[in-house]
Amino acid sequence: GDRIEVIHKDPSGWWEGRLNGEVGLFPENYTQHD
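Just so we're aligned, residue 1 is where the sequence shown starts under the UniProt record's numbering, counting upward by one.
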């Protein structure tokens, strides 16, 4: 999987992150934490 730089963790469960220079929103429950 890809490693996403998390910019902001919203309490609603949607996080903002950066991957390959692009910034976007993604649901926390689709992630695996190290």
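Beta carbons are placed, not taken as given, at the ideal position from N, Cα and C, and that holds for glycine.
Taking the Cα of GLY24 as reference, the smallest distance to any Cα among SER12, GLY1, ILE7 is reached at ILE7. The beta carbon of GLU28 lies closer than 8 Å to those of LYS9, GLY13, TRP14, TRP15 in the same chain, with the five residues before and after it left out. Inter-residue distance for PHE26 and ILE4 is about 10 Å (C-alpha atoms, whole angstroms).
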